[in-house]
Amino acid sequence: MMHLLLVEDNLAEARFLQELLKGASRSFQLVHKQRLGEALAALKSQAFSVALLDLSLPDSQGLNSLDGLMEQAPDLPIVVLTNTQDDRLALEAVQHGAQDYLYKREVQQDILVRSLRYAIERKQAAVSLRIAKEILEQRVRERTIELEKTNQLLQQEVLERQRIQDRLELAQRVGKIGTFEWDLTSDRMDWSKELEALYGFSPGDFPGTVSDWLHRIHPEDLASTQADLQRSLDQTHRFNSEFRIHTLNHQLRWIEAKGDIFTRADGHPQSMIGVHIDITDKKQLEAQFLHAQRLESLGTLASGIAHDLNNILTPILAVVQILPLKLPNLDAQTQQFLQLLDDSARRGADLVKQILAFGRGVEGKQMSLSIKHLLAEVEKMIQQTLPKSIQVCTEVPTHLATVSADATQLHQVFMNLCVNARDAMPQGGTLTLKAEEVWVNEVKNSSVIPAQAGPYVQVTIADTGIGIPPEQLHRIFDPFFTTKPLGQGTGLGLSAVLGIIKRHGGFIEVTSRPGSGSQFMIFLPTGQGPEPEAPSLDPAASGAQSWVLVVDDESAICEITKATLEAHHYQVLTAKSGVEARDVLQHHPVDKVLMDIMMPASDGLITLPLLRQIQPNLHIVAMSGLSSADLNSQVEQLGFDGFLAKPFTISELLQALEPTSICSRSSPTASTP
1 MMHLLLVEDN LAEARFLQEL LKGASRSFQL VHKQRLGEAL AALKSQAFSV ALLDLSLPDS
61 QGLNSLDGLM EQAPDLPIVV LTNTQDDRLA LEAVQHGAQD YLYKREVQQD ILVRSLRYAI
121 ERKQAAVSLR IAKEILEQRV RERTIELEKT NQLLQQEVLE RQRIQDRLEL AQRVGKIGTF
181 EWDLTSDRMD WSKELEALYG FSPGDFPGTV SDWLHRIHPE DLASTQADLQ RSLDQTHRFN
241 SEFRIHTLNH QLRWIEAKGD IFTRADGHPQ SMIGVHIDIT DKKQLEAQFL HAQRLESLGT
301 LASGIAHDLN NILTPILAVV QILPLKLPNL DAQTQQFLQL LDDSARRGAD LVKQILAFGR
361 GVEGKQMSLS IKHLLAEVEK MIQQTLPKSI QVCTEVPTHL ATVSADATQL HQVFMNLCVN
421 ARDAMPQGGT LTLKAEEVWV NEVKNSSVIP AQAGPYVQVT IADTGIGIPP EQLHRIFDPF
481 FTTKPLGQGT GLGLSAVLGI IKRHGGFIEV TSRPGSGSQF MIFLPTGQGP EPEAPSLDPA
541 ASGAQSWVLV VDDESAICEI TKATLEAHHY QVLTAKSGVE ARDVLQHHPV DKVLMDIMMP
601 ASDGLITLPL LRQIQPNLHI VAMSGLSSAD LNSQVEQLGF DGFLAKPFTI SELLQALEPT
661 SICSRSSPTA STP
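When we follow UniProt numbering, the leftmost residue of the sequence shown carries the number 1, and every step to the right adds one.
Structure, rendered in structure tokens:
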């Protein structure tokens with residue numbers, strides 16, 4: 001049953017159409033309306049299968065009637081009826097949505113039925129197509145939304161991976177780590193940008209073969225690295241090797257290489273993936289640690305040697321000074337020999353102090369001294385050690401202000417700089433030692449150590465050597481910084497120089513030009529007068545028959561000290577240990593005791609309270625071949641009345657026995673015993 005809506009104002013034509021449809025093979029239920037408004041109302045209350053529409057209605061004309069009906073029922077198939085045979089109007093009607101166009105005077109039953117059936121079928125097909133299109137469009141929209149969400153997730157994942165990649169590259173740059181992949185079949189190596197940078201290549205410039213990599217390895221490390229690599233391939237285990245490389249910008253670096261082997265199904269190696277790590281800093285720290293250990297060992301060794309050497313030098317120095325008192329009529333040549341022996345013994349003592357100062361870094365005593373005399377000693381020493389290809393020039397005025405300084409430490413400063421100058425002139429050149437008085441008008445902030453205005457003695461040590469590159473000039477005073485090959489320099493020389501100059505209240509400036517040489521200018525504040533004269537001793541000075549007990553495990557020291565004191569009218573007893581000293585004191589009271597604090601069995605520190613138990617007000621002076629701030633503090637805290645450092649002169653020995661004497665010589669310069 002097909003529900004047909006007939007919209008026709010002409011009743012005769014409406015009956016004619018009804019009659020045609022009655023005899024049709026298909027049954028139609030027809031609803032007839034004469035006006036468009038009535039038809040629109042009917043559409044609201046009833047569903048129709050198809051509509052026949054006359055374009056000439058009382059309330060609507062032409063295509064407006066079609067538009068009104070389609071607006072009310074867009075899915076309703078419509079066949080247009082008209083009294084005029086107008087192809088243009090027919091085409092417009094179809095374009096406006098009609099399914100067919102019939103000329104009333106030509107309508108027959110089969111034509112009408114077929115037109116209605118086709119109209120319904122076409123409309124149903126159009127509706128189905130539209131619905132399918134809408135469904136498809138909906139699915140497309142839904143899929144588009146899903147794709148947009150997926151795309152957003154992919155974009156987020158790409159951004160996150162990029163951030164991870166950036167962080168990885170940053171970590172590799174900071175950690176100086178580069179990655180590689182080696183295809184064993186093609187013998188091609190792919191390097192990351194970080195690995196190319198480690199070797200000095202610009203991104204993408206590494207040629208990509210194993211031979212190109214091996215070509216950068218230091219010749220001395222090449223064989224061992226190749227052996228490690230071959231062993232890894234033969235045994236299909238992790239490759240691990242340390243070696244030096246020469247980068248494209250001529251830097252020497254230490255590399256630690258690690259790589260894992262990936263095999264084919266048959267077990268043969270297919271590729272290696274791994275990393276190269278820059279371990280240059282690690283190697284330098286290891287070298288610095290070894291240097292520090294050697295220095296610590298040197299300090300320990302120096303302490304032990306110093307005690308023994310000073311015990312050896314003490315009787316030599318004492319004999320040299322007491323002989324002129326015993327033999328006043330010595331000829332000039334013999335006196336010259338004795339003076340030479342005296343100078344040598346003193347130089348040996350100073351050498352021991354210098355070794356201790358270097359090994360322990362201990363501060364020495366500053367006194368007023370002449371730079372002129374110190375530079376003369378340095379010149380004499382370097383003239384004997386420098387190669388003949390280096391000429392030494394000295395420019396020191398006759399009259400030069402004194403400075404307050406420790407001679408041993410300044411000697412170390414000048415010698416360090418002279419040795420560096422020698423090393424900077426492997427092909428020879430000129431080493432200049434110059435001293436002059438200068439006035440610094442304002443605070444100097446350009447120097448390594450800022451200094452205040454005032455009068456200074458400027459010491460310049462200049463060479464005509466290879467110079468210092470500008471990029472390294474600001475680092476030369478850093479501890480352990482050195483440009484010398486590993487094992488040929490500690491990097492501590494200039495650092496020690498800086499520390500000594502700073503402790504002396506001075507400052508240092510450096511100028512250098514690569515290929516032209518370097519100038520080190522040391523500024524030391526001037527002293528307040530001439531060098532102090534050694535105190536004069538009256539050979540007839542009397543010990544007022546005072547009794548002195550000399551306690552030392554070294555027989556030579558006991559004997560020469562006894563002879564020296566007796567020459568100055570002291571009465572002397574000796575003992576070779578703390579136990580023996582206690583026995584002597586129990587049987588023979590004395591006025592003063594001169595006791596070594598480093599003795600086997602019972603040393604001076606243990607013996608002191610035992611002697612005070614026997615004779616409470618006894619004047620006791622400590623002796624030692626070593627001295628330090630800690631030892632000096634212990635000497636005072638434990639109740640010693642003075643301290644005498646070995647080796648000592650006659651004047652220092654006699655001063656130590658004075659009641660007001662606290663320390664007879666320079667302040668401590670080495671470590672505790």
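The C-beta atom is built at its ideal place from N, Cα and C for all residues, glycine as well.
Legend entry - Length at least 3, wholly inside the region 199-251: the beta strand (DSSP E) runs in chain order: 239-246
Inset, instruction - Would you kindly work out how many angstroms separate the C-alpha atoms of Leu309 and Ile316, rounded to a whole number? - result: Looking up residue 309 in the sequence shown gives position 309. Looking up residue 316 in the sequence shown gives position 316. If I take the Cα positions, the gap works out to 11 angstroms.
Legend entry - Distance, Leu654 Cα to Ile614 Cα: Start at 1 with the first residue of the sequence shown, and residue 614 comes out as number 614. Start at 1 with the first residue of the sequence shown, and residue 654 comes out as number 654. So the two alpha carbons sit approximately 25 angstroms from each other.
Inset, instruction - From the DSSP output, read off the bridge partner residues of Pro525. - result: Against the sequence shown, residue 525 aligns to sequence position 525. Beta-bridge pairing links Pro525 to Tyr456.
Inset, instruction - Sort Ile279, Asp86, Ala98, Thr263 by Cα distance to Glu71 and report the nearest one. - result: Taking the sequence shown and counting its residues from 1, the one referred to as residue 71 is at position 71. Residue Ala98 is the option with its Cα nearest to Glu71.
Legend entry - Close beta carbons around Glu181, own chain, < 6 angstroms, minus the five adjacent residues each side: Position 181 of the sequence shown holds residue 181. Counting only Cβ-Cβ distances below 6 angstroms, and skipping sequence neighbours, we find Asp190, Ile273.
Inset, instruction - Let me know the alpha helix (DSSP H) ranges lying completely inside the region 87-139, each 4 residues or longer, listed in chain order. - result: 87-96
Inset, instruction - Taking 8 angstroms as the threshold, find out whether the region 231-248 comes into contact with the region 137-151 through three or more Cβ pairs. - result: no
Legend entry - Reduced DSSP secondary structure (H/G/I, E/B, other) of Met381: As a working mapping, residue 381 is identified with position 381 in the sequence shown. When secondary structure is reduced to three states using DSSP, Met381 falls in the helix class.
Inset, instruction - For Trp439, I'd like the list of residues in its chain whose CB is within less than 7 angstroms of its CB, leaving aside the five on either flank, ordered along the chain. - result: Here residue 439 is taken as the residue at index 439 of the sequence shown, counted from 1. Spatial neighbours of Trp439 in its own chain (CB-CB distance under 7 angstroms, excluding positions within 5 residues in sequence) are listed in chain order as Pro455.
Inset, instruction - Using the DSSP secondary-structure output, state which residues sit across from Glu256 in a beta bridge. - result: As a first step, residue 256 must be located in the sequence shown, where it is residue number 256. For Glu256, the beta-bridge partners assigned by DSSP are Glu242, Ile277.
Legend entry - Residue range of the alpha helix (DSSP H) that includes His411: On the sequence shown, residue 411 is found 411 positions in, with the first residue counted as 1. Note, His411: alpha helix (DSSP H), 407-423.
Inset, instruction - Sort Arg143, Leu611, Val413 by Cα distance to Phe520 and report the nearest one. - result: Translated into positions along the sequence shown, residue 520 becomes position 520. The option with the nearest alpha carbon to Phe520 is Val413.
Inset, instruction - Specify the secondary structure class of Ser446 as computed by DSSP and reduced to three states. - result: By one-based count along the sequence shown, residue 446 stands at place 446. Any answer about Ser446 is weak, because its pLDDT of 47 lies below 50 and its placement is not dependable; what the coordinates show is given next. Reduced to three states, the DSSP call for Ser446 is coil.
Legend entry - Whole-number beta carbon distance between Leu585 and Leu611, since they are thought to touch under 8 angstroms: The residue labelled residue 611 in the question sits at position 611 within the sequence shown. The residue labelled residue 585 in the question sits at position 585 within the sequence shown. Contact holds; Cβ gap of about 6 angstroms.
Legend entry - Proximity below 9 angstroms, CB of Ile120 to CB of Pro58: Along the sequence shown, one-based indexing puts residue 120 at 120. Along the sequence shown, one-based indexing puts residue 58 at 58. Going by C-beta atoms, Ile120 is not nearer than 9 angstroms to Pro58.
Inset, instruction - Starting from the C-beta of Ile468, find all residues in its chain whose C-beta is less than 6 angstroms away, skip the five residues before and the five after it, and write them out in chain order. - result: Mapped onto the sequence shown, residue 468 falls at position 468. Only Ser512, Ser518 meet the Cβ criterion.
Legend entry - Proximity of Asp463 and Thr430 at Cβ, strictly below 9 angstroms: Position 463 of the sequence shown, counted from the first residue, corresponds to residue 463. Position 430 of the sequence shown, counted from the first residue, corresponds to residue 430. Pairing Asp463 with Thr430 gives a Cβ-Cβ distance under 9 angstroms.
Legend entry - Same chain, Cβ closer than 8 angstroms to Ile560, neighbours up to 5 away in sequence not counted: In the sequence shown, residue 560 corresponds to position 560, counting from 1. Only Thr314, Pro315, Ala318, Val319, Ile322 meet the Cβ criterion.
Legend entry - Of the listed residues His587, Asp75, Gly267, nearest to Leu129 (C-alpha basis): Numbered from 1 along the sequence shown, position 129 holds the residue referred to as residue 129. Cα-wise, what sits closest to Leu129 is Asp75.
Legend entry - Gly208 versus Leu248: straight-line alpha-carbon distance, rounded: Walking along the sequence shown from the start, residue 208 turns up at place 208. Walking along the sequence shown from the start, residue 248 turns up at place 248. If you take the alpha carbons of Gly208 and Leu248, they lie about 15 angstroms apart.
Inset, instruction - From the DSSP output, in three-state form, read off Glu19 for me. - result: Along the sequence shown, read from residue 1 onward, the residue named residue 19 stands at position 19. Here Glu19 sits in helix by DSSP.
Inset, instruction - Output yes or no for whether 9 angstroms exceeds the beta carbon distance between Leu55 and Leu63. - result: Here residue 55 refers to the residue found at position 55 when the sequence shown is read from its first residue. Here residue 63 refers to the residue found at position 63 when the sequence shown is read from its first residue. Going by C-beta atoms, Leu55 is nearer than 9 angstroms to Leu63.
Inset, instruction - Classify Leu252 as buried or exposed, calling it buried when 16 or more other Cβ atoms lie within 10 Å of its own Cβ. - result: Taking the first residue of the sequence shown as 1, we reach residue 252 at position 252. When all chains shown are included, Leu252 counts as exposed.
Inset, instruction - Could you have a look at Leu53 and say whether DSSP puts it in helix, strand or coil? - result: Position 53 of the sequence shown, counted from the start, is the residue given in the question as residue 53. Three-state DSSP puts Leu53 in a strand.
Legend entry - Bridge-paired residues (DSSP) for Asp596: In the sequence shown, residue 596 corresponds to position 596, counting from 1. Beta-bridge pairing links Asp596 to Met623.
Legend entry - the region 381-394 contacting the region 335-354, beta-carbon criterion three pairs below 8 angstroms: no
Inset, instruction - Please report how far the alpha carbon of residue 679 lies from the alpha carbon of Ala93, in whole angstroms. - result: The structure shown does not extend to residue 679, since the chain spans only 1 to 673, so no value can be given for it.
Inset, instruction - Compute the Euclidean distance between the alpha carbons of Ile597 and Ser624, then round it to the nearest angstrom. - result: As a working mapping, residue 597 is identified with position 597 in the sequence shown. As a working mapping, residue 624 is identified with position 624 in the sequence shown. Rounded to whole angstroms, Ile597 to Ser624 spans 6 angstroms at the Cα level.
Inset, instruction - Using the Cα positions of Leu374 and Thr334, report the straight-line distance between them to the nearest angstrom. - result: Position 374 of the sequence shown, counted from the first residue, corresponds to residue 374. Position 334 of the sequence shown, counted from the first residue, corresponds to residue 334. Rounded to whole angstroms, Leu374 to Thr334 spans 27 angstroms at the Cα level.
Inset, instruction - Using only alpha-carbon positions, find the residue among Ser186, Asp187, Leu184, Lys176 that is nearest to Lys193. - result: In the sequence shown, counting from the first residue as 1, residue 193 sits at position 193. Comparing Cα-Cα distances from Lys193 to each of Ser186, Asp187, Leu184, Lys176, the minimum goes to Lys176.
Inset, instruction - Select from Ala223, Gln270, Ile279 the residue whose C-alpha is nearest the C-alpha of Val174. - result: Sequence index remark: in the sequence shown, residue 174 carries index 174 (1-based). Nearest C-alpha to Val174: Ile279.
Legend entry - Whole-angstrom distance between Arg15 and Gln29, CA atom to CA atom: Here residue 29 corresponds to residue number 29 of the sequence shown, with the count starting at 1. Here residue 15 corresponds to residue number 15 of the sequence shown, with the count starting at 1. Counting only the Cα atoms, Arg15 lies some 14 angstroms from Gln29.
Legend entry - Helix, strand or coil at Ile316 [DSSP, three-state]: In the sequence shown, counting from the first residue as 1, residue 316 sits at position 316. Of the three classes helix, strand and coil, the one that applies to Ile316 here is helix, per DSSP.
Legend entry - Beta-ladder partner(s) of Pro269, from DSSP: Against the sequence shown, residue 269 aligns to sequence position 269. DSSP, once it has assigned bridges, lists Thr263 as partnering Pro269.
Inset, instruction - Check the DSSP bridge columns for Asn33 and list the partner residues they point to. - result: To locate residue 33, count along the sequence shown from 1; it is residue 33. Inspection of the sequence shows that residue 33 is occupied by Lys rather than by Asn. For Lys33, which the question treats as bridged, DSSP gives the partners Val7.
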